[in-house]
Each structure stands twice: as C-alpha cells, then as structure tokens.
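Below is one structure, written out as structure tokens; the observations come after it.
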Amino acid sequence: MMSMSNVLDLSGTWQLASADGEHRAGISIPGDVHTALKFAGVIPDPYVGRNENDVQWVAHQDWTIERRFTLDEGDGSWYLDITDLDTVATVFVNGQPVLEADNCFRRYRPDVSKALKPGENVIRIHFRSSIAEGAKRQARQPFYIPYSTANSPIPNGNMLRKPQCHFGWDWNIAIAPLGLYGTIALKKLETARIEHVVTSQRHAAGRAELHVAVTLHARDPGIVAVHLDIDGERVRLDFGIDAGETTIRHVFEIENPEFWWPAGSGGQRLYRLSVEIPGETVTRQIGLRTVELLTDPDEAGSRFAFRINGREIFCRGANWIPADALFSLTSREKTEDLLRSAVEANMNMIRVWGGGFYEADWFYDLCDRLGLMVWQDFQFACNLYPSTPDFLENVEAEVDYQVRRLVSHPSIVVWCGDNELVGALNWFEESRTNRDRYLVSYDRLNRVIEQALAKAAPDAIWWPSSPASGYLDYGDAWHADGSGDMHYWSVWHENKPFDDYRSVKPRFCSEFGFQSYTSLPVIETYANRKDMNIASPVMEHHQKNAGGNERIAGTMFRNFRFPRDFANFVYLSQVQQGVAIRTAVDYWRSLKPHCMGTLYWQLNDTWPVASWSSLDYGGSWKVLHYMARRFFQPVAVAAIPSEDGREIRLSLVNDTLADVTVTINLSVLTLSGERRPLRSVEAVCSPDAAVTALAIAADDIPADCILAWGFTASNGMGGEGHYVTGTYKALNLEPPGLEFSVSPAGDGAFDLLVQAKGLALFVMVESATPGRYSDNAFDLAAGESRRITFTPAAPSGASPQFRIYDLYSCQSAG
Numbered sequence: 123m124m125s126m127s128n129v130l131d132l133s134g135t136w137q138l139a140s141a142d143g144e145h146r147a148g149i150s151i152p153g154d155v156h157t158a159l160k161f162a163g164v165i166p167d168p169y170v171g172r173n174e175n176d177v178q179w180v181a182h183q184d185w186t187i188e189r190r191f192t193l194d195e196g197d198g199s200w201y202l203d204i205t206d207l208d209t210v211a212t213v214f215v216n217g218q219p220v221l222e223a224d225n226c227f228r229r230y231r232p233d234v235s236k237a238l239k240p241g242e243n244v245i246r247i248h249f250r251s252s253i254a255e256g257a258k259r260q261a262r263q264p265f266y267i268p269y270s271t272a273n274s275p276i277p278n279g280n281m282l283r284k285p286q287c288h289f290g291w292d293w294n295i296a297i298a299p300l301g302l303y304g305t306i307a308l309k310k311l312e313t314a315r316i317e318h319v320v321t322s323q324r325h326a327a328g329r330a331e332l333h334v335a336v337t338l339h340a341r342d343p344g345i346v347a348v349h350l351d352i353d354g355e356r357v358r359l360d361f362g363i364d365a366g367e368t369t370i371r372h373v374f375e376i377e378n379p380e381f382w383w384p385a386g387s388g389g390q391r392l393y394r395l396s397v398e399i400p401g402e403t404v405t406r407q408i409g410l411r412t413v414e415l416l417t418d419p420d421e422a423g424s425r426f427a428f429r430i431n432g433r434e435i436f437c438r439g440a441n442w443i444p445a446d447a448l449f450s451l452t453s454r455e456k457t458e459d460l461l462r463s464a465v466e467a468n469m470n471m472i473r474v475w476g477g478g479f480y481e482a483d484w485f486y487d488l489c490d491r492l493g494l495m496v497w498q499d500f501q502f503a504c505n506l507y508p509s510t511p512d513f514l515e516n517v518e519a520e521v522d523y524q525v526r527r528l529v530s531h532p533s534i535v536v537w538c539g540d541n542e543l544v545g546a547l548n549w550f551e552e553s554r555t556n557r558d559r560y561l562v563s564y565d566r567l568n569r570v571i572e573q574a575l576a577k578a579a580p581d582a583i584w585w586p587s588s589p590a591s592g593y594l595d596y597g598d599a600w601h602a603d604g605s606g607d608m609h610y611w612s613v614w615h616e617n618k619p620f621d622d623y624r625s626v627k628p629r630f631c632s633e634f635g636f637q638s639y640t641s642l643p644v645i646e647t648y649a650n651r652k653d654m655n656i657a658s659p660v661m662e663h664h665q666k667n668a669g670g671n672e673r674i675a676g677t678m679f680r681n682f683r684f685p686r687d688f689a690n691f692v693y694l695s696q697v698q699q700g701v702a703i704r705t706a707v708d709y710w711r712s713l714k715p716h717c718m719g720t721l722y723w724q725l726n727d728t729w730p731v732a733s734w735s736s737l738d739y740g741g742s743w744k745v746l747h748y749m750a751r752r753f754f755q756p757v758a759v760a761a762i763p764s765e766d767g768r769e770i771r772l773s774l775v776n777d778t779l780a781d782v783t784v785t786i787n788l789s790v791l792t793l794s795g796e797r798r799p800l801r802s803v804e805a806v807c808s809p810d811a812a813v814t815a816l817a818i819a820a821d822d823i824p825a826d827c828i829l830a831w832g833f834t835a836s837n838g839m840g841g842e843g844h845y846v847t848g849t850y851k852a853l854n855l856e857p858p859g860l861e862f863s864v865s866p867a868g869d870g871a872f873d874l875l876v877q878a879k880g881l882a883l884f885v886m887v888e889s890a891t892p893g894r895y896s897d898n899a900f901d902l903a904a905g906e907s908r909r910i911t912f913t914p915a916a917p918s919g920a921s922p923q924f925r926i927y928d929l930y931s932c933q934s935a936g
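First residue of the sequence shown? That's 123 in my numbering, and the numbers climb one at a time after it.
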C-alpha cells in the first residue's frame with residue numbers, strides 16, 4: 123500500500139458510452155462492458171437462451187469509459203498504475219493521450235504529470251474493438267497465422283494478448299468481452315516506488331536462506347531507507363539509487379524452518395514478508411519449500427514427477443479455467459468456494475490453463491493457504507501465434523511482469539510455456555503444408571517465453587508445453603505415453619470406450635475428460651420448460667463442443683438403458699461422466715510411481731453450459747465431484763480388471779507418509795439388493811506406493827451380480843465402491859424402494875435420511891436451493907440407509923424441495 127496523500131484510487135463508478143454515442147450506461151470499474159450494458163437494460167442477459175447471438179454487436183463497437191477526479195494540486199511527479207486493461211486501448215487525461223495499451227497481461231505505469239491540473243480532471247479510456255484490431259494485425263503479418271476455428275467462432279484472437287477463451291471455446295460463450303479488471307489509481311512518485319519484490323530460496327540442513335530482491339524505480343538519484351521484515355525479524359537498509367531502476371538484495375537466514383506442504387502432505391506454514399519504503403509497503407506470504415521436476419530416463423521413457431521438500435508427491439487435481447466468462451460476475455468469495463471445493467475433493471494441484479488469465483495475487487494467496495499446488499501455463503492456447511519482433515517484445519514484457527509478480531508464491535511449482543501449441547502445428551492446412559515455417563515461428567515464441575522466465579526467476583521450473591514428451595520434443599503427446607505429460611482425449615474426442623483409459627500408462631496426465639450436462643437447477647436458469655429437450659435449439663446452443671450432445675447420447679446407448687425423461691437424461695449424463703473419469707484415475711493411480719499425476723479436465727465452468735466440469739456454474743457439485751472426493755482420497759481402493767478380463771485386482775493406493783493397514787471386505791450384490799459376503803482381506807501398503815491387495819477371478823462373481831467392497835484403513839480413512847463386469851445396461855435392476863425423509867439439523871442445515879429396500883446405485887439428492895451435501899452419488903443395498911446433511915449456501919427459513927435420483931429409477935418408465 124501507499125500513503126493516501128500519494129494515491130488516488132480511480133476505481134468505482136465510471137460512465138460508459140459507445141464510440142458513436144448511441145449507447146450509454148454506468149459501469150463499475152473494475153468491471154466489463156457487457157455486464158454494465160446488461161444491468162442498464164441495453165442488452166439481454168447473454169447467458170439466457172440464445173441471447174449470445176443478440177449481443178454480438180457489442181464486440182464490434184469501440185467503447186469509452188470516463189470519470190472525473192479532483193486534485194488539490196497538480197505539482198510533482200504523478201503516474202497512473204493500471205493492470206488488467208483489456209485490451210487495445212488509449213488512455214487520455216484531460217484530452218491528452220498518456221498510454222497506448224495492447225496487452226491485458228501487463229502492468230502499465232505511464233507518467234501523467236504534464237497532463238494534470240489543479241482542481242477537476244477527466245480521465246477517459248477508449249477501447250478499440252478486439253475484432254477489428256485482430257483483423258488489422260492479421261493483415262500486417264508476413265504470413266497468415268491460423269487460429270482454432272473449432273474453439274473460436276470470433277476470428278483472430280491469436281493476434282491479441284488477451285484471454286483466448288474470450289473469442290469462444292468448446293465450453294465458453296463467444297462474446298469477446300472488454301473492460302478493466304484490475305487496478306486503476308493515480309499515484310505520486312516521491313523518491314522512489316517499488317516495482318518488484320522477488321524472492322528465491324536456498325536450503326540446507328536445519329536452515330533456509332530467503333533471498334529478497336527489491337527493484338525500485340526513481341525519477342532522480344537519491345537515498346532510500348528500505349525496511350524488510352520476515353515474521354518480525356526487521357532490518358533497515360539505506361541505499362543510494364540512480365534514476366530508473368535499482369535492485370536491492372538482502373538475505374534472511376531462517377533457522378529450523380517450517381515447511382510449506384501440498385494439501386494432504388503436511389501443513390501450509392506461511393511467513394509474512396514486508397518491504398517498506400517511505401510512502402509504500404508491499405507484503406508477500408512466503409512458504410519455505412523445495413521443488414524439483416523429475417524427468418529421469420527409465421525403461422519406459424522418462425519420468426514426470428514432482429518432488430516437494432525431498433518427497434515425491436502424486437498430483438491429484440483438475441484444470442482451472444476463468445471463474446466466469448464475464449469479469450464483473452466473479453468475486454473472491456465465489457472463487458474461494460471453487461478452490462475450497464477442489465481441496466475438499468482431496469485435490470492437491472490445479473493447472474491454471476493457458477487460454478484464460480494469469481490470476482490475481484489473491485487467487486494464489488488462496489492456493490498458498492489451501493495447499494493447492496499450481497501448474498501455471500503462460501497464456502497461449504490451441505492456436506498458432508505471431509513471431510514478429512513487436513509481438514515477441516510484448517510477450518517478453520508480459521512474462522517478465524507476471525513472473526516477478528507471482529514467482530514468490532509457494533503454490534506455483536511449474537511454469538509451462540503454453541497449452542497444445544505443438545499439436546496445433548498439425549491442425550491447420552497452412553502449417554501442415556509448410557511445417558518448417560510454423561515450427562520455427564513457434565520455437566521463437568517458446569524460446570522468448572523460456573528466456574524471459576529464466577531472466578526473471580532463474581530457479582523457476584520450466585516445462586516447454588502441455589502436453590510435451592520432453593524439451594524440444596515435438597512428438598504426439600496425445601497418444602505417446604512413455605515420457606513427459608500427456609493429454610489423453612481418445613475416449614471423448616475419438617469416441618473410444620471407457621476401458622480405453624486402461625490402454626495407456628501416462629507418466630503424468632494433465633488433461634483428460636468426459637462431458638456431462640450441467641445440473642437441472644442450472645439449466646432452469648437459462649432454459650424454459652419448452653426447451654427441456656436435449657435436441658432443442660437452446661440446449662444445443664449451450665453445448666459448444668461440436669458433436670458433444672451426440673457423443674453423450676451415443677455413449678449412453680453403449681453403457682446404459684436410455685433415461686425416461688429430460689431430468690434423468692441430465693442426471694445419467696453426470697453418472698457416466700463420473701464413471702469415465704473414475705475408470706481413468708483408478709487405473710493410473712494404480713500404476714504409481716510410473717504415473718505420478720492425474721489432472722482431469724475441468725474443475726469449473728465459466729457460464730451455464732454442457733461441459734467437462736465437475737462443478738456447476740455457481741459452484742454446486744456434480745456427480746463427478748462427489749466421486750472425485752472418493753477416488754482422489756489419499757488412501758483408496760479400486761477394482762482394476764486384467765487385460766484379458768479374467769481377473770479383477772483390488773488396487774490399494776497410499777499417498778500418505780506412513781504405512782497403512784487396510785481391511786477390505788468384498789461382497790457381491792444381487793440385483794434385488796442382497797449383499798453376500800465374498801472375502802475379507804487385510805493388506806499393508808507402504809508410504810507413497812500402490813499395491814495389489816488381492817485378485818479374484820471374474821468367474822467368482824455370479825451372473826446378475828456386481829462386485830462391491832468397503833474398506834477401512836488404520837489411519838481412519840475408508841470408503842466403498844462397486845464394479846460391473848459388463849455394462850450397466852445389461853443389468854436387470856429391480857425397484858430400489860427408496861424412502862426419503864428430511865428434518866432440521868440446526869444452523870440452517872437439514873438432515874436427510876435415505877433408506878433402500880432394494881439395490882440403489884448412484885443415489886443422488888438434488889435441490890434448486892444452492893448448497894452442499896455431506897455425501898452424494900452413493901450406493902445402497904437392501905435394508906441399508908444413509909444419513910447426509912445438506913447445508914444451504916445462504917440461510918433460508920423454508921425447507922428446500924429435494925429430488926432423488928438412482929440408476930434404476932432414471933431408466934425405468936414405471
């Protein structure tokens with residue numbers, strides 16, 4: 123922070139206008155243009171029905187925002203501090219242009235001293251249409267640079283340094299939003315200001331060194347007193363500085379350091395670092411830890427594993443996309459809820475995907491506190507990009523700023539050059555017929571990113587692309603599983619059966635997924651009753667992956683009996699999504715340490731849409747997320763069939779630091795719900811290992827029965843599961859006779875008791891009231907019951923209306 127006399131915060135209410143003056147509205151800054159127009163009644167809600175089509179004109183316009191402010195005196199050296207300005211924009215102060223911006227991911231600090239005056243001043247920002255600017259820049263390229271039309275119906279987004287998903291994606295609305303999403307403030311430069319605070323660490327037995335580099339910017343030479351404090355250890359350093367930038371370095375020695383650990387592996391001890399100069403203080407939360415990316419060659423190829431504080435960590439998690447398609451509809455509270463849901467599902471890593479944002483500082487603060495390791499992509503995705511000098515200079519400045527801003531966060535464990543740019547070389551006719559040209563162009567961009575990272579943070583871990591089989595390896599990491607990280611999409615995009623997940627043995631799978639529909643209460647926010655049909659125009663509009671609805675339905679035909687109505691179609695789509703991802707995770711975890719990470723696609727949604735997410739738009743848990751909490755549990759048991767199908771192996775995985783003894787009770791379930799004990803076994807698994815606890819012949823499971831198990835571990839963990847040797851549609855299920863009762867539980871929560879008279883698979887309770895269930899998507903045998911708690915997201919005096927689903931009932935017309 124800076125002293126208030128030196129800072130004028132310019133956030134708040136501005137006036138928005140189209141460049142032609144036809145449309146006007148108030149706009150809250152930070153904020154986006156589309157949301158302001160929606161609240162003013164100028165455009166309909168883009169998320170409802172097919173309104174997306176009716177708001178396309180907004181992105182074709184230029185827009186201005188303007189506000190007035192008062193200065194007691196205009197003397198001195200003043201500058202604007204602007205972040206997250208989206209994207210091609212000119213900033214005027216009192217009619218004078220003070221900044222030409224064209225990168226949403228950079229920080230701008232233009233000197234505005236000569237433009238200011240005592241009394242009232244006017245600041246205006248002119249936003250140029252991203253569509254028009256993209257076309258202009260494409261026309262200036264020495265050769266055409268293709269973009270993914272499959273993802274982006276709005277063209278030439280690859281020309282601009284802004285979130286690529288703003289131009290559409292196979293899960294995102296395509297409206298090319300614009301606005302200002304970060305800081306805008308007027309600041310007075312006294313002797314100096316703080317440009318960057320960058321830390322690095324050195325570790326030895328029983329001690330750690332925290333290296334602090336403070337970069338100051340001054341207009342004139344001078345002397346600055348710098349106070350540095352780490353958890354109460356305070357030092358003062360007096361430095362002579364030159365005009366321009368000066369970097370000051372100091373080393374703190376910390377005896378007996380307490381380490382930062384990923385969630386589930388230890389605590390998240392954070393030290394508070396503050397750097398203070400006259401009029402300004404910057405704080406950082408520091409986690410002391412070591413990170414290594416292991417890529418040692420072995421008999422299969424080469425490893426891909428993270429070692430934190432000397433211990434290899436199996437990475438369990440998902441991919442993060444922007445929290446909302448429109449910035450103004452996000453909040454810290456909503457984002458924290460999404461990230462906490464990740465941890466509550468036993469995740470310890472998220473991948474910040476390369477087609478969105480470098481997130482705000484507070485986002486990574488949350489990850490630090492929650493123990494969520496972050497795989498951070500640089501923001502390039504699924505397109506080819508320019509390699510002209512002006513573009514590369516812009517990228518270099520972007521990388522330098524973002525790395526220096528974020529590298530001190532203990533949660534960030536790897537920096538990745540891009541998402542799927544190597545694969546994109548094969549997606550376009552231009553790059554297939556002239557691969558050398560586009561490969562060289564890609565390599566120039568990739569090297570600029572790598573070198574800028576190394577310059578800003580020499581100790582940061584670099585991975586060139588995702589997926590990649592290795593450094594300067596431009597092979598097919600979608601199908602080759604021996605080295606590096608893998609994106610495995612054959613089950614979804616190539617329409618392979620779920621069993622196909624067991625045909626590959628990734629070293630680390632950083633993307634794989636299967637779609638489902640968003641939950642019925644969410645669908646009801648954008649679709650009318652007449653639209654409640656999978657093939658209706660509205661439902662098809664809220665499916666952005668070509669052929670996605672057909673693939674969901676086709677997979678259902680192969681695996682399940684067709685659902686009896688729309689609501690059950692939605693429910694069953696979520697069940698099959700959960701079964702798909704569980705199949706992959708169970709098998710790949712059983713390969714540990716050959717495989718050391720599974721990050722499914724994707725954690726969250728940007729708007730209400732059919733997608734691969736496990737959290738609905740708004741944050742409610744889909745079936746997959748409840749299942750993920752089980753299959754990502756640090757101690758887990760799963761059924762893995764042998765390649766010939768004759769044997770079923772019970773895999774026991776232990777991601778903890780201690781030996782665990784696990785008691786596994788196997789049974790068979792008849793289709794009427796009778797549970798027949800089959801076998802019990804006690805198995806031991808050493809730390810950070812996977813073993814086969816037992817194997818049974820598939821013939822030991824009688825016809826018309828399914829295999830089931832429950833387990834308890836010596837560390838208190840436990841769980842249950844089932845395995846079907848064929849398809850679910852082959853099961854002649856019988857009525858489960860579910861009974862359901864609700865009673866108040868205190869503090870606004872509700873106790874739900876579910877009882878079964880027969881076999882009930884994938885029992886799912888749902889309500890239009892947002893909230894969280896203590897358990898869901900579970901199985902019950904005859905005579906069994908489950909008591910769960912529903913906690914509404916917001917207090918309400920009325921009891922919610924609940925609906926209950928199960929596999930038999932969803933497929934039966936009776």
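Yeah, the Cβ is synthetic: ideal placement off N, Cα and C, and Gly gets one too.
With H, G and I counted as helix, E and B as strand and the rest as coil, what does DSSP make of Y596?
As a position in the sequence shown, residue 596 is number 474, starting the count at 1. The answer is coil: DSSP assigns Y596 none of H, G, I, E or B.
In this structure, how does DSSP classify N690 when only helix, strand and coil are distinguished?
As a first step, residue 690 must be located in the sequence shown, where it is residue number 568. Of the three classes helix, strand and coil, the one that applies to N690 here is helix, per DSSP.
Who are the near neighbours of V170 in its chain, counting only those whose CB is closer than 7 Å to its CB and skipping five residues on each side?
In the sequence shown, residue 170 corresponds to position 48, counting from 1. Cβ neighbours of V170 beyond the five flanking positions: Y648.
Identify which residue in R429, V474, A261 has its Cα closest to the Cα of P285.
Stepping through the sequence shown from its first residue, residue 285 is reached at position 163. Of R429, V474, A261, the residue nearest in Cα terms is V474.
So the beta strand (DSSP E) I435 belongs to, where does it begin and stop?
Along the sequence shown, one-based indexing puts residue 435 at 313. I435 -> beta strand (DSSP E) spans 433-435.
Just to confirm, is the Cβ distance from L725 to S794 under 8 Å?
Along the sequence shown, one-based indexing puts residue 725 at 603. Along the sequence shown, one-based indexing puts residue 794 at 672. Contact flag unset, no.
Taking Q323 as the reference, which of L561, P532, P619 has the closest Cα?
As a first step, residue 323 must be located in the sequence shown, where it is residue number 201. Taking only the C-alpha atoms, the option nearest Q323 is P532.
Same chain, Cβ closer than 8 Å to P343, neighbours up to 5 away in sequence not counted
In the sequence shown, counting from the first residue as 1, residue 343 sits at position 221. Answer for P343: G362, I363, D364, A365, listed in chain order.
Whether S450 touches S140 by CB criterion (8 Å):
For the purposes of this step, residue 450 is taken as the residue at position 328 of the sequence shown. For the purposes of this step, residue 140 is taken as the residue at position 18 of the sequence shown. With contacts defined by Cβ atoms closer than 8 Å, S450 and S140 do not form a contacting pair.
Answer yes or no: do T368 and A347 have a C-beta to C-beta separation smaller than 8 Å?
Counting from 1 along the sequence shown, the entry for residue 368 is found at position 246. Counting from 1 along the sequence shown, the entry for residue 347 is found at position 225. No, the pair does not count as a contact, with Cβ atoms beyond the cut-off.
Since M495 sits in a beta bridge, which residues does DSSP pair it with?
By one-based count along the sequence shown, residue 495 stands at place 373. DSSP output for M495 lists M471 as bridge partner(s).
If we ignore side chains and look at the alpha-carbon of each, how far apart do G848 and S638 end up?
Position 726 of the sequence shown, counted from the start, is the residue given in the question as residue 848. Position 516 of the sequence shown, counted from the start, is the residue given in the question as residue 638. Roughly 22 Å between the two C-alpha positions.
Helix, strand or coil for E765, going by three-state DSSP, please let me know.
Here residue 765 corresponds to residue number 643 of the sequence shown, with the count starting at 1. Looking at E765 - three-state DSSP - the assignment turns out to be coil, as it is neither helix nor strand.
Name the two residues that bound the continuous beta strand (DSSP E) containing Y564.
Translated into positions along the sequence shown, residue 564 becomes position 442. Not the beta strand (DSSP E): Y564 falls in the alpha helix (DSSP H), residues 557-578.
In the DSSP assignment, the beta strand (DSSP E) including P931 goes from what residue to what residue?
Residue 931 sits at position 809 when you count from the first residue of the sequence shown. Note that residue 931 is Ser in the sequence shown, not Pro. Counting along the chain, S931 falls outside any beta strand (DSSP E), though it belongs to the alpha helix (DSSP H) covering 929-933.
For Y739, three-class secondary structure by DSSP:
Mapped onto the sequence shown, residue 739 falls at position 617. Coil at Y739, not helix or strand.
Endpoints, the beta strand (DSSP E) within which R752 is located:
Against the sequence shown, residue 752 aligns to sequence position 630. Segment 745-753 is the alpha helix (DSSP H) holding R752; no beta strand (DSSP E) there.
Let me know the secondary structure DSSP gives V210 once reduced to three states.
Counting from one through the sequence shown, the residue named residue 210 turns up at place 88. Under the three-state reduction of DSSP output, V210 falls in the coil class, being neither helix nor strand.
Within the same chain, show all residues whose beta-carbon is closer than 6 Å to that of E856, passing over the 5 residues directly before and after it, in chain order.
Counting from one through the sequence shown, the residue named residue 856 turns up at place 734. For E856, where only same-chain residues beyond five positions count, the Cβ hits under 6 Å are L793, S794, G880.
Quick one, are the C-beta atoms of C932 and P685 less than 8 Å apart?
Residue 932 sits at position 810 when you count from the first residue of the sequence shown. Residue 685 sits at position 563 when you count from the first residue of the sequence shown. P685 sits close to C932, with the two beta carbons spaced by under 8 Å.
Can you give the Cα-Cα distance for R262 and N225, rounded to whole angstroms?
The residue given as residue 262 occupies position 140 in the sequence shown. The residue given as residue 225 occupies position 103 in the sequence shown. Distance between the alpha carbons of R262 and N225: 18 Å.
Which residue wins for smallest C-alpha separation from N690, given the options D499, Y930, G635, L302?
Position 568 of the sequence shown, counted from the first residue, corresponds to residue 690. Checked all of D499, Y930, G635, L302; the closest Cα to N690 is Y930.
Using three-state DSSP, classify L793 as helix, strand or coil.
Locating residue 793 in the sequence shown gives position 671, where the first residue counts as 1. L793 falls in the coil class under three-state DSSP.
Buried or exposed: Y269, going by 16 or more other Cβ atoms within 10 Å of its Cβ?
Counting from one through the sequence shown, the residue named residue 269 turns up at place 147. With 16 or more Cβ atoms within 10 Å of its Cβ, Y269 is classed as buried.
What separation, rounded to the nearest whole angstrom, lies between the Cα atoms of W863 and D869?
Against the sequence shown, residue 863 aligns to sequence position 741. Against the sequence shown, residue 869 aligns to sequence position 747. Before going further, note that residue 863 is Ser rather than Trp in the sequence given. Approximately 18 Å, taken between the alpha carbons.
Going by DSSP, what residue range makes up the alpha helix (DSSP H) through S638?
As a working note, residue 638 is residue 516 in the sequence shown. Note, S638: premise wrong, no alpha helix (DSSP H); not H, not E.
Distance, G163 Cα to N470 Cα
Position 348 of the sequence shown, counted from the start, is the residue given in the question as residue 470. Position 41 of the sequence shown, counted from the start, is the residue given in the question as residue 163. N470 and G163: Cα-Cα distance of roughly 42 Å.
In the DSSP assignment, what are the bridge partners of K309?
Position 187 of the sequence shown, counted from the first residue, corresponds to residue 309. V129, Y201.
Do the CB positions of R231 and N516 come within less than 8 Å of each other?
Looking up residue 231 in the sequence shown gives position 109. Looking up residue 516 in the sequence shown gives position 394. Against a cut-off of 8 Å, the Cβ pair of N516 and R231 comes out as no contact.
Own chain residues within Cβ distance below 6 Å of E377, not counting five before or after:
Position 255 of the sequence shown, counted from the first residue, corresponds to residue 377. Counting only Cβ-Cβ distances below 6 Å, and skipping sequence neighbours, we find R329.
Provide the residue span of the alpha helix (DSSP H) that contains R454, from first to last.
Residue 454 sits at position 332 when you count from the first residue of the sequence shown. Per DSSP, R454 belongs to the alpha helix (DSSP H) from 454-466.
When the Cα atoms are used, what is the spatial distance from N937 to V562?
Only positions 123 to 936 of the chain appear in this structure, which leaves residue 937 out of reach.
Validate contact between the segment 886-900 and the segment 919-926 using beta carbons, cut 8 Å, 3 pairs:
Contact between the segment 886-900 and the segment 919-926 is established, with three or more Cβ pairs separated by less than 8 Å.
Which same chain residues end up closer than 7 Å to M661 when comparing Cβ atoms and leaving out the 5 residues on each side of it in sequence?
In the sequence shown, residue 661 corresponds to position 539, counting from 1. Hits under 7 Å: A649, D653, N655.
Do P858 and D781 have their beta-carbon atoms positioned less than 8 Å apart in this structure?
Residue mapping note: residue 781 aligns to position 659 of the sequence shown, counting from 1. Residue mapping note: residue 858 aligns to position 736 of the sequence shown, counting from 1. No.
Integer-rounded CB distance, given that R229 should sit under 8 Å from T205
Sequence index remark: in the sequence shown, residue 205 carries index 83 (1-based). Sequence index remark: in the sequence shown, residue 229 carries index 107 (1-based). The distance from the Cβ of T205 to that of R229 is about 5 Å, consistent with a contact at the 8 Å cut-off.
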